[in-house]
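Before any comments, here is the structure.
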Amino acid sequence: MPKVVYGFRKGERLDFRNVQEHDRPETPFIFQDDVNGKQVKLVISWHGFLVYDEGIDIAAAMCKFMRYVSERGCCGRCIPGKNGTTLLADMMEELRGDPKLSKMQEALDLADSIQATSKCSFAPSSVSIVKSFLKEYPEKLHKYQNAPKLDYHFHMSAPCTSACPAHIQIPEFIDELRTKRFLPALSIIREHMPLPGLCGRICPHPCEAVCRRGEVDEPINIMNLKQSAWNYEYFRNHVPNIPEKKAPTGKTCAVIGAGPAGLSAAYYLALMGHQVEVFDKMQEPGGMTAAGIPDFREPREHLRYEANIIRNLGVNIHYNKTLGKEITLEYLKHSYDSVLLAIGAWLPQDPRIADMEQVEGIYNGIDYLEKVSKYEKPFSDSKVIIVGGGNTSIDCARTAVRFNNDVTILYRRTRDEMPAEDYEIKDAEEEGVKFMFLAAPFRAVGENGKLKGIECHKMRLGSPDATGRRSPEIINGENFIIECDYLIPAIGQKTDVSFIHASDGLEITKWNTIVCDEVYFTTSIKGIFAAGDCIDGENTVVRAIGNGKRAAQMMDRYMMSGKPYLEPSEVMEKYLYDNKIFSYGEAPEPPRPIIKRYETEKLPVEERIKSFQEVEQAYDENTAALEARRCLRCMRVGMFATGDYNG
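In the working numbering, the protein residues as written are 1393 to 2039.
Below is the structure:
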């Protein structure tokens, strides 16, 4: 870790110039001291700046930072932001050559004016760094004659962008929607992820949990705005605007799995100019999202449309090809320049219910949803018990209701502990799904080989477990039986690793996930990478998409330069994320008027339960623009500088 020479952070002056190097403190941030063979000399964020080499020209660095803020960050919707920061950058250049006290005061006064009158917090947060520098280290304004040459690296982010596993530049695409520029908004999204139609419908939207608008009234409906942009293209038959594809490289890649991680990787690999072959065990694209997400949440034709965009980049998708059967790891290793394993997590977790094998009428959750996705009708007009508290259990329950079944979800904790999205639970309740909490099934009850009921333990909540949730405990002597015709355990999935042979050399964990470097996505076999649920365990769609994108970047660098590495901007992105540098609970300044989140429309319940028509509707054009205008545009810029090692 680099050691601090001087700086200013969170209102505190840090000056160790008169301290011996070995006694100086290490940087308070998680930050590497080497980036691709260059030494980190300086880091600037909106919390302050830290200098690791006293010989650098810090004034020049501040000029670079301010110039980037004015030219790349400010939107131009207010004069203090765009014009003010441009003028401040000019004044910093003048001060660096002629650091007069009067000019310095002019710069400080201008910075104060920008902070007081800007319409958003982007420019004010940026100029605060320059103010701290001018006030605390005015002696550093002179030009350095023999200062080392520095390379400057920038990254612009926001709380929502940092929280998004795909790191979509959310404020930028929302900015376009303010003025109803739906297609440019969608183009921005597609730079960062290829499945906006999917994520605009089923994403758990961690971005909204950290949206600073929530400190004023309610978070921006980021997920639905994404859906609105996508719908504008799809329903008006616009030609998709895709990033420009690079010239062919002559390199070939195999992607195993056409789920979100695999499709995302294939998209970016194709854009980079590589020839991509995708292999999938199913008969259509989408992986678990195609098999396990009902049409009332994500219509299948939408997923096919997005997969066709990827195919039109030259990606070949081969269906009905299972790893370990039609294709082997050995074949892949010797046939392609790089391989990505994105095989998902398809095997159901063991529900540990005794006598399950003795009776008919038990389906695991994914098998049930997959049958329905193939337009089969497993059963109807029956009493159905679903086991589990996640989104899959909710999907199973809402699907079963649409076949006129009487449906109850059993969950061993309480509603507050359910991992399913709250709005999905509410939708299920509206559609007639019943819930029984603090109940854990342990034995199937049958008659003449058919399921007749399920015996359950009554539970109570005990002490918190490793995740912070209170662990359920059995209440002895209070077992009970619930009558049912069908039972659907939906308690999660795991990866099928049966394709791996000892001679392959592919390492797996005790949880049956593939051992994989979390930064470079490399496995124990050179040239083979992994992404998605097969490395994380069952996880979210947006995380799989983000995994696929970053894995593709590492595969590209491996094929083109011999090893994967992080670009400087990605180092900055990782630094912002690792250090949790956004103040999620920080109240926006200046204070904002209350403008509640605009509600979306849903199909009436009586229509929902009779069909698989999509339930939640996107905003219309006018409402999307109004919702977009609620965004506070709380973007921030981070910068670091690198140079040659001293001596």
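We put the CB at the ideal spot given by N, CA and C, even for glycine.
According to DSSP, is CYS1556 helix, strand or coil?
-> Numbered from 1 along the sequence shown, position 164 holds the residue referred to as residue 1556. It is coil, neither helix nor strand.
In or out: GLY1386 buried (at least 16 other Cβ within 10 Å) or exposed?
-> The structure shown does not extend to residue 1386, since the chain is modelled only from 1393 through 2039, so no value can be given for it.
So, helix, strand or coil for TYR1803, using DSSP?
-> Counting from 1 along the sequence shown, the entry for residue 1803 is found at position 411. Secondary structure at TYR1803: strand, using DSSP grouped into helix, strand and coil.
Following the continuous alpha helix (DSSP H) through MET1851, name the residue where it begins and the one where it ends.
-> Counted from its first residue, the sequence shown places residue 1851 at position 459. In this chain, MET1851 is not harboured by any alpha helix (DSSP H); it is covered by the beta strand (DSSP E) spanning 1842 to 1856.
Starting from ALA1646, follow the beta strand (DSSP E) in both directions and report where the run begins and ends.
-> For this step, residue 1646 is matched to residue 254 along the sequence shown. Taken as a continuous stretch (DSSP letters only), the beta strand (DSSP E) holding ALA1646 covers 1644 to 1648.
Beta-ladder partner(s) of VAL1776, from DSSP | Here residue 1776 is taken as the residue at index 384 of the sequence shown, counted from 1. Secondary-structure assignment with DSSP links VAL1776 through a beta bridge to VAL1799 and TYR1878.
Any idea which residues DSSP pairs THR1509 with across the strands?
-> If you number the sequence shown from 1, residue 1509 lands on position 117. According to DSSP, THR1509 bridges with nothing at all.
Identify whether PRO1833 lies in helix, strand or coil by the three-state DSSP scheme.
-> Counted from its first residue, the sequence shown places residue 1833 at position 441. Under the three-state reduction of DSSP, PRO1833 is assigned to strand.
Cutoff 6 Å; reference ALA1789; Cβ partners in own chain excluding five residues on either side = Working through the sequence shown from its first residue, we reach residue 1789 at position 397. Contacts found: ILE1778, VAL1799, ILE1801, ALA1820 and VAL1825.
Going by C-alpha distance, which of VAL1933, PHE1671 and PHE1423 is nearest TYR1967?
-> Within the sequence shown, the letter at position 575 stands for residue 1967. Taking only the C-alpha atoms, the option nearest TYR1967 is PHE1423.
Give the straight-line distance between the Cα atoms of ASP1543 and ALA2033, rounded to the nearest whole angstrom.
-> For this step, residue 1543 is matched to residue 151 along the sequence shown. For this step, residue 2033 is matched to residue 641 along the sequence shown. Our two residues, ASP1543 and ALA2033, have alpha carbons roughly 5 Å apart in a direct line.
Buried or exposed (CB count within 10 angstroms, at least 16 for buried), ASP1742 | The residue you call residue 1742 lines up with position 350 of the sequence shown. Its Cβ having fewer than 16 others within 10 Å, ASP1742 is exposed.
Is VAL1911 helix, strand or coil by DSSP?
-> Stepping through the sequence shown from its first residue, residue 1911 is reached at position 519. VAL1911: coil per DSSP, three-state reduction.
Euclidean distance between Cα positions of LEU1480 and ILE1448 | Indexing the sequence shown from 1 puts residue 1480 at position 88. Indexing the sequence shown from 1 puts residue 1448 at position 56. Whole-angstrom Cα-Cα distance: 21 Å.
At which residues does the beta strand (DSSP E) containing ARG1401 begin and terminate?
-> The residue you call residue 1401 lines up with position 9 of the sequence shown. Note, ARG1401: beta strand (DSSP E), 1398 to 1401.
Straight-line gap, LYS1725 to ALA1894 (C-alpha atoms, nearest Å) | Taking the sequence shown and counting its residues from 1, one reaches residue 1725 at position 333. Taking the sequence shown and counting its residues from 1, one reaches residue 1894 at position 502. Distance between the alpha carbons of LYS1725 and ALA1894 is about 15 Å.
C-beta contact flag for ILE1581 and LYS1618 at 8 Å = Stepping through the sequence shown from its first residue, residue 1581 is reached at position 189. Stepping through the sequence shown from its first residue, residue 1618 is reached at position 226. Closer than 8 Å, so yes.
Under 8 Å between C-beta atoms of CYS1926 and THR1905 | Translated into positions along the sequence shown, residue 1926 becomes position 534. Translated into positions along the sequence shown, residue 1905 becomes position 513. Yes, they are a contact pair.
Burial state of VAL1911, where buried means 16 or more other Cβ atoms lie within 10 Å | Working through the sequence shown from its first residue, we reach residue 1911 at position 519. By the Cβ-count criterion, VAL1911 is exposed, with fewer than 16 other Cβ atoms from all chains shown falling within 10 Å of its own Cβ.
How about the segment 1398 to 1412 and the segment 1929 to 1946: do they share at least three Cβ pairs that are nearer than 8 Å?
-> In short, these stretches do not touch, since the Cβ pair count stays below three.
Kindly confirm or deny that the segment 1518 to 1538 and the segment 1490 to 1502 touch, where touching means at least three C-beta pairs closer than 8 Å.
-> With the cut-off at 8 Å, the segment 1518 to 1538 and the segment 1490 to 1502 touch.
Is DSSP giving ALA1734 helix, strand or coil here?
-> To locate residue 1734, count along the sequence shown from 1; it is residue 342. Coil.
Could you check if GLY1468 is buried or exposed, using at least 16 other CB atoms within 10 Å of its CB as the buried criterion?
-> What you label residue 1468 is simply residue 76 of the sequence shown in a count that begins at 1. Exposed, because fewer than 16 other Cβ atoms sit within 10 Å of the Cβ of GLY1468.
Could you give the distance in angstroms between the alpha-carbon of PHE2042 and the alpha-carbon of HIS1559?
-> Lying outside 1393 to 2039, the shown extent of the chain, residue 2042 is not represented and no answer is given.
Candidates CYS1603, PRO1611, CYS1552 and TYR1624, of which the one nearest LEU1578 by Cα = In the sequence shown, counting from the first residue as 1, residue 1578 sits at position 186. The shortest C-alpha separation from LEU1578 is found at TYR1624.
Specify the secondary structure class of ASP1970 as computed by DSSP and reduced to three states.
-> Indexing the sequence shown from 1 puts residue 1970 at position 578. Helix.
Ordered along the chain, which non-local residues of its own chain (more than five positions away) have a Cβ less than 7 Å from that of GLU2008?
-> As a first step, residue 2008 must be located in the sequence shown, where it is residue number 616. Once the five neighbours on either side are set aside, the close Cβ partners of GLU2008 are THR1992 and LYS1994.
Pick helix, strand or coil for PHE1872, following the three-state DSSP scheme.
-> As a working mapping, residue 1872 is identified with position 480 in the sequence shown. Correct three-state label for PHE1872: strand.
Expected contact under 8 Å - CB spacing of LEU1655 and ALA1699 to nearest Å = Residue numbering aside, residue 1655 sits at position 263 when the sequence shown is read from its first letter. Residue numbering aside, residue 1699 sits at position 307 when the sequence shown is read from its first letter. For a cut-off of 8 Å, the C-beta gap from LEU1655 to ALA1699 is around 6 Å, short enough to register as a contact.
Counting pairs of Cβ atoms below 8 Å between the segment 1498 to 1511 and the segment 2006 to 2021, do you hit three or more?
-> Per the Cβ contact rule, the segment 1498 to 1511 is not in contact with the segment 2006 to 2021 (fewer than 3 Cβ pairs under 8 Å).
Consult DSSP for VAL2127 and reduce its assignment to one of helix, strand or coil.
-> Past the edges of the chain, shown from 1393 to 2039, lies residue 2127, and the structure says nothing about it.
Using the beta-carbon count (16 or more within 10 Å), is PRO1635 buried or exposed?
-> Position 243 of the sequence shown holds residue 1635. Exposed is the call here.
Do VAL1776 and PRO1686 come within 8 Å of each other at the CB atom, strictly closer than that value?
-> Numbered from its first residue, the sequence shown carries residue 1686 at position 294. Numbered from its first residue, the sequence shown carries residue 1776 at position 384. No; because the gap between Cβ atoms is not below 8 Å, this pair is not in contact.
Is it right to say GLU1564 is buried, meaning 16 or more other beta carbons lie within 10 angstroms of its own, or is it exposed?
-> Taking the first residue of the sequence shown as 1, we reach residue 1564 at position 172. Buried is the call here.
PHE2042 versus TRP1438: straight-line alpha-carbon distance, rounded | Nothing can be reported for residue 2042, as the shown portion of the chain is limited to 1393 through 2039.
DSSP-derived helix/strand/coil call for PRO1576 = In the sequence shown, counting from the first residue as 1, residue 1576 sits at position 184. The answer is helix: DSSP assigns PRO1576 an H, G or I state.
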